[in-house]
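Take 1159 as the starting number for the sequence shown in my numbering and just add one per residue. By construction, the Cβ of each residue, glycine as well, lies at the ideal position given by its N, Cα and C atoms. For clarity, every value in this text was computed on a predicted model and none was experimentally measured.
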Amino acid sequence: MIIRTVCVLGGTGFVGRHLLAKLSAAGYHVKALTRDREKTRHLWVLPEVDVVEANVYDEAELCRHFQGMDAVINLIGILHERRKGDFTRTHAELPVTVAKACLEAGVPRLLHMSALHADEHGPSRYLRTKGEGEASVLHAADHGLKVTVFRPAVIFGPEDSFLNLFARLAKLAPIMPLACPHARFQPVYVEDVAQAYVASLDNPATFGRRYDLCGPRAYTLVRLVRYVARLRGACPVIVELGDRLSYWQARLMELSPVKLITRDNYYSMQVDSVCAGSFPAVFGIRPTALEAVVPSYLAVE
Ligand SMILES: NC(=O)c1ccc[n+]([C@@H]2O[C@H](COP(=O)([O-])OP(=O)(O)OC[C@H]3O[C@@H](n4cnc5c(N)ncnc54)[C@H](OP(=O)(O)O)[C@@H]3O)[C@@H](O)[C@H]2O)c1
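Set out below in structure tokens:
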């Protein structure tokens, strides 16, 4: 399978901008679909990348955009719902529409972004709807679509919303009540995730497969927060909340206009976000250690 043209959904976000840069550098011609082109000026400079406005929920419109494409990559996902049903719409229903549009437009290859521990029977709606999305795109493989699913742990990199959030809080708050302090995470570097996508595009060994992607080391949440606080030159008092208080903090935070944590995030953290094995060898990547990168964007001079 020779792939030259790729259509990317959700390519304007944190992971997307790293992936688009890699695809562009590797010589692929990329069409990135967005809801609002004006907000994507940072991508306009990339050679071989066209950013196009589209309603990705409209199957006929998607089908038109997919005509002549060799592959589609769907990165669309959300961490918080604005309205009830958003998780189902973006994680479970949209992947069905994308897979159908691929089959209709004759696109042979689909790369789908899920999340570590996505499971139709998982503890949170985030994980359950991601699990439903995965199941339906893999089902499309029965109709001839060559599908690969990626399931990363929390992703770190210069514009991440995870470590950057705790770095800002550590600087602002002298006392930090921390929910689920002993939840475990095995963060993976955004460049490694993007590289895995590029490496799998035309590799038949990855067709029909799902891959868990984690970094080389696991940490408790409190350890990560202490680490980023130290890098920022802050030393807040971190109050480690027990399980019941963690739940109530999440519940109260849902009333805040700024979404720091919700009950659904709390439920997701009931499963440790760590991988059972090492980084999939098929991609030829040695995963980058957090300590090798994070100081470059969080440490104070
Ligand atoms: N970041 C992590 O730590 C992490 C970990 C595991 C899995 N993931 C998954 O990786 C994917 C990318 O994550 P990210 O951190 O890059 O996310 P992001 O920065 O929020 O970007 C997601 C992109 O999807 C589009 N999008 C967002 N909400 C949408 C909606 N309701 N309808 C249609 N399009 C929407 C947006 O594009 P436009 O605004 O241009 O339309 C946005 O640029 C997601 O599926 C996420 O669940 C992320």
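query, result
"Between the Cα of residue 1441 and the Cα atoms of 1357, 1328, 1389, 1390, which residue gives the shortest distance?", "1357"
"Could you give the residue range of the alpha helix (DSSP H) that holds residue 1421?", "1421-1426"
"Taking the alpha-carbon of residue 1249 as reference, which of 1228, 1260, 1289 has the nearest alpha-carbon?", "1289"
"Of the choices 1419, 1169, 1353, 1293, whose alpha-carbon is the least far from that of residue 1444?", "1353"
"Cα-Cα, which of 1213, 1212, 1188, 1319 is closest to residue 1202?", "1188"
"Three Cβ pairs or more, each shorter than 8 Å: is that satisfied between the region 1325-1345 and the region 1282-1300?", "no"
"Could you check whether the region 1265-1280 touches the region 1404-1422, counting it as contact only if at least three pairs of C-beta atoms, one from each stretch, sit closer than 8 Å?", "no"
"Are the region 1382-1391 and the region 1414-1427 touching by the rule of at least three beta carbon pairs closer than 8 Å?", "no"
"I'd like the list of long-range same chain contacts for residue 1430, defined as Cβ closer than 7 Å, with 5 residues on each side in sequence excluded.", "1341, 1342"
"Which residue comes first and which comes last in the beta strand (DSSP E) that contains residue 1187?", "1187-1192"
"Can you give me the C-alpha to C-alpha distance between residue 1220 and residue 1422, rounded to a whole angstrom?", "30 Å"
"Skipping 5 residues on each side, what residues in its chain have a beta carbon closer than 7 Å to that of residue 1392?", "1328, 1329"
"Between the alpha carbons of residue 1394 and residue 1324, how many angstroms are there, rounded?", "11 Å"
"Whose C-beta lies closer than 8 Å to the C-beta of residue 1279 among residues of the same chain, with five residues either side of it excluded?", "1286, 1289"
"Which runs of the beta strand (DSSP E) at least 3 residues long sit entirely within the region 1226-1302? Give them in chain order.", "1229-1232, 1267-1271"
"Less than 8 Å between C-beta atoms, sequence neighbours within five positions excluded: which residues of the same chain meet that for residue 1313?", "1172, 1173, 1320, 1345, 1346, 1347, 1348, 1351"
"Which partner residues does residue 1304 have in the DSSP bridge list?", "1267"
"With hydrogens ignored, establish whether the beta-carbon of residue 1316 is closer than 6 Å to any heavy atom of ligand 1.", "no"
"So is residue 1210 buried or exposed if we call it buried at 16+ other beta carbons inside 10 Å?", "exposed"
"Using a threshold of 7 Å, state whether the C-beta atoms of residue 1448 and residue 1396 are closer than that.", "no"
"Work out the CA separation of residue 1420 and residue 1238 for me, nearest whole Å.", "8 Å"
"Would you mind stating whether residue 1214 and residue 1191 have Cβ atoms separated by less than 7 Å?", "yes"
"Expressed to the nearest angstrom, what Euclidean distance is found between the alpha-carbon atoms of residue 1194 and residue 1234?", "14 Å"
"Residue 1398 lies in the alpha helix (DSSP H); which residues open and close that run?", "Note, residue 1398: premise wrong, no alpha helix (DSSP H); beta strand (DSSP E) at 1395-1398."
"Confirm, please, whether the CB-CB distance from residue 1229 to residue 1307 is below 7 Å.", "no"
"From which residue to which residue does the alpha helix (DSSP H) around residue 1335 run?", "Per DSSP, residue 1335 belongs to no alpha helix (DSSP H); it is in the beta strand (DSSP E), 1333-1336."
"By how many angstroms is the C-alpha of residue 1262 removed from the C-alpha of residue 1451?", "42 Å"
"Is DSSP giving residue 1432 helix, strand or coil here?", "coil"
"Hey, would you say the C-beta of residue 1172 is under 6 Å away from at least one heavy atom of ligand 1?", "yes"
"Assign residue 1197 to buried or exposed, taking buried as 16 or more other Cβ atoms, counted over all protein chains shown, within 10 Å of its Cβ.", "exposed"
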